[in-house]
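Contents: one structure, followed by commentary.
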Amino acid sequence: MMKKFLILFLILSLITVFFLAGCNNKNAGKNGQDFNNSQAATDEFAESATQAAESIEDKQLIVMSITPEEGYRIISENMDYFLIDVRTEEEYMQGYIETANLIPLQELESRLDEIPKNKQIIIYCRSGNRSREAANILINNGFGMVYDMGGIIDWQQAGFPVVK
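Each residue of the sequence shown is one higher than the one before, counting from 17 in this note's numbering.
Okay, structure coming up:
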């Protein structure tokens, strides 16, 4: 949505620049230099606007939702990841994914320094609500590779192992 708004804004800005360049050129027709100067300025503006849009787009981080199957593949192939269980300690003790790090959602913001920024972060909870909230917290704090795997209920229904 933000990307569409930004593109629309850039297009409208360019149209405005073209319109103003045409209306304010009182000496048009004396020589082609005035047109060339305004055209060069317009081209320069368009280029800088495009670069600004690309810069903003590069900095937009999003939460990626993954299935338990995709999460299992990352874990079983020992890809560079950090697995976070954001449930309570009581829920965690009832069963958890083997390599999970327990960081309850209520403690997440105060424990961000425990989470590596150079790894894929996979988050899960019981049903998927808290993991989505936790993933957004991480994105808002500059973590780039954040995957919301949903809940351990789906993980177990898919037949994947848990430690009890």
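No residue lacks a Cβ here, since even glycine has one placed at the ideal position from N, Cα and C.
Check	Outcome
Identify the continuous beta strand (DSSP E) that holds Gln136 and give its terminal residues.	Gln136 to Cys141
Report all residues from its chain with a CB closer than 7 angstroms to the CB of Glu125; omit the five preceding and five following residues, and keep chain order.	Ile153
Quick one: what's got a C-beta closer than 8 angstroms to Gly175's C-beta in the same chain, skipping five residues either side?	none
According to the Cβ coordinates, are Ala116 and Ile137 closer than 8 angstroms?	no
Applying the criterion that 16 or more other CB atoms from any shown protein chain within 10 Å of the CB defines a buried residue, is Val164 buried or exposed?	Note on residue identity: the sequence assigns Asp, not Val, to residue 164. Answer is buried; the Cβ neighbour count reaches 16.
Taking only the alpha-carbon atoms, compute the straight-line gap between Ile168 and Tyr112 and give it to the nearest angstrom.	8 angstroms
Return helix, strand or coil for Met109, following the three-state DSSP convention.	helix
Which residue marks the beginning of the alpha helix (DSSP H) containing Leu154, and which one marks its end?	Asn145 to Asn156
How about Leu118 and Glu106: are their beta carbons less than 8 angstroms apart?	no
When the Cα of Ser81 is compared with those of Lys180, Ile155 and Pro177, which residue comes out closest?	Ile155
Would you call Arg127 buried or exposed, if buried means 16 or more other Cβ atoms sit within 10 Å of its Cβ?	exposed
Would you kindly report the start and end of the unbroken beta strand (DSSP E) that includes Asp164?	Val162 to Gly167
Once the 5 residues before and after Lys135 are set aside, which same chain residues still bring their CB inside 8 angstroms of it?	Asp96, Tyr97, Phe98 and Met161
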